[in-house]
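FYI, my numbering numbers position 318 of the sequence shown as 303, with every residue one higher than the one before it.
Read through the structure below, which is laid out as C-alpha cells, and then see the notes.
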Amino acid sequence: MAKVILENVVKKFDDVVAVNEVSLEIKEREFVVLVGPSGCGKTTTLRMIAGLEEVTEGKIFIGDRLVNDVPPKDRDIAMVFQSYALYPHMSVYDNMAFGLKLRKIPKKEISSRVDEAADILGLKKLLDRLPKQLSGGQRQRVALGRAIVRHPSVFLMDEPLSNLDAKLRVQMRAQLKKLHERLKTTIVYVTHDQVEAMTLGERIAVMLNGEVQQADSPLVIYDQPSNRFVAGFIGSPPMNFIDGKIIKKNGKMHFESEDLSIPLSTTIQDVVAPYEDKEVVFGIRPQDIKEERRAKSLEEHIMIDTKVDFRELMGSETYLYIKTGCTSLVARVDALSDAKSGSSYKAVFNLRKIHLFDSNTQKAIV
C-alpha cells in the first residue's frame, strides 16, 4: 500500500482553472473521500492522480515516487468508474481476469486472484454469467473485483455507486467499508453525496471551485466546519442560516436579525466580542432546534415562538418547516411530534450548538 501526496496541484483547461493549489496528504491505508458539488474539481483531481489528466502545476507522489510524468499503467493504481465498463461478451471471470492476462500473469496466479476477489465480493456463484445477467449491484461488484485482482497500491473510485438505487447504495456502502477493513488498502473516493462521504471516509476533503475548503475527520467537519459553505454542504437537512449582527445588550453579546434576538452562550462571549456591531451569519443545525418539552435538558437555550408551515414525516423522525416573521427554519424532531401545519410552535434553540460565520470572509467565528 502507498500514501498519496498532492503538493500545490493546479489544473487548467485553457483559461479555466479547474483545480487550484490543492495540497493534500493521503496516508497509507487511509480511506479519503473527495466531496463537493458538480464542477468543484474533485474528479479532475482524481484523474490527475490516476494519470488520465496532466498536471499543469505542482507535484503528485504515490509512495515516494513523483508520478507527474509516469503513465497510468505504471502508477500501480486501479480505478473504478461511475460506469461499470464491463465487456458485455465476457463472463464475470473473464472480465475480472482480462487485465491480468494483458500483463502476462500466469494462469494459475490469475485463477487464484480472481477466486480470492470473488470470495471477498460474494461473486463465486456468478463467475460464469455475462454482465447482462447481473443486477446493478452485482455489476458494480464485478467492477470492484476487476480492480482488486490487480493488487494495486492505491484504489481510485469515481462515484462508483451513483448508478445504483437508494437501497443498493446503502448495501454497497457497507460492502465498501468492509472491503477496506479487509484489504487495508489506500482508497481515494470521489462523490457528490455528503451522506456517502460521511459514512465511508476516515477523512473528508470538501472541495469548491477547485479548492479544498476543509480536510478532516467526518465528525470534525460536521461539528467544526471551517466556513459557511462546508457547514451548509455537510449535514442533512442543511444547516439553517440567518443574516444579522452581533450586538451588546446588558453587558452580554447577542445575535440580532430582523426577526430574532438571541443571547449567545457564556462560553463564546470573549470570542465574539471583536465582532460587536459587525455583520455575521448565524447557523444552527435542524437537530439543535428542540421541542418545548426538551428545554429542561439543555444547559443554555432560548425559546422562540414560531409557526409551522408544513411537516415531513421521515419515519424515524419529522422535519418541521417553521417561520418566525420572515425567517424560515427547519427543525428535525421526533417522529411522534404532534405539531401540525398552521399551528403555533415553540422552538427551543440549543445555544451550545450554534455557529457564527463572518459575513465578509464566510469563515467560521465559532
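We treat Cβ as the ideally placed atom computed from N, Cα and C, and that holds for glycine.
None of these values were measured; they are calculated from a predicted model.
- The beta carbon of Pro203 is closer than 7 Å to those of Met183, Gly186 and Ile189 in its chain, skipping five residues each way along the sequence.
- Between Asp294 and Tyr304, the C-beta gap is not smaller than 7 Å, which leaves the two residues out of contact.
- When DSSP states are grouped into helix, strand and coil, Tyr78 belongs to the helix group.
- Residue pairing by DSSP puts Asp143 in a beta bridge opposite Val175.
- Here the alpha carbon of Val257 sits roughly 50 Å from the alpha carbon of Gly122.
- Secondary structure of Lys117 (DSSP, three-state): helix.
- For Ser329, the enclosing beta strand (DSSP E) begins and ends at Ser329 to Asn335.
- If you compare the alpha carbons of Asn212, Thr171, Arg126 and Leu298 with that of Arg154, the shortest gap goes to Arg126.
- When the five nearest sequence neighbours on each side are left out, the beta carbons in the same chain lying within less than 8 Å of the beta carbon of Pro22 are those of His177, Leu193 and Phe218, in order along the chain.
- Here Asp113 has Ser76 as same chain residues with Cβ atoms under 6 Å from its own Cβ, once five neighbours each way along the sequence are excluded.
- Per DSSP, Arg135 lies in no alpha helix (DSSP H) segment and is marked neither H nor E.
- By the Cβ test, the region 25 to 37 is not in contact with the region 90 to 110, since fewer than three Cβ pairs between them sit closer than 8 Å.
- Two segments are said to touch when three or more pairs of C-beta atoms, one from each, lie closer than 8 Å; by this definition the region 221 to 236 touches the region 254 to 268.
- Using a Cβ-Cβ distance cut-off of 8 Å, the region 140 to 155 and the region 71 to 89 are not in contact, since fewer than three pairs of beta carbons, one from each stretch, lie closer than that value.
- The DSSP-derived three-state label of Met64 is strand.
- When secondary structure is reduced to three states using DSSP, Lys93 falls in the helix class.
- Taking a cut-off of 8 Å for Cβ pairs, the region 49 to 64 and the region -5 to 10 do not touch, as fewer than three such pairs fall below it.
- Under the DSSP definition of a beta bridge, Phe295 partners with Tyr306.
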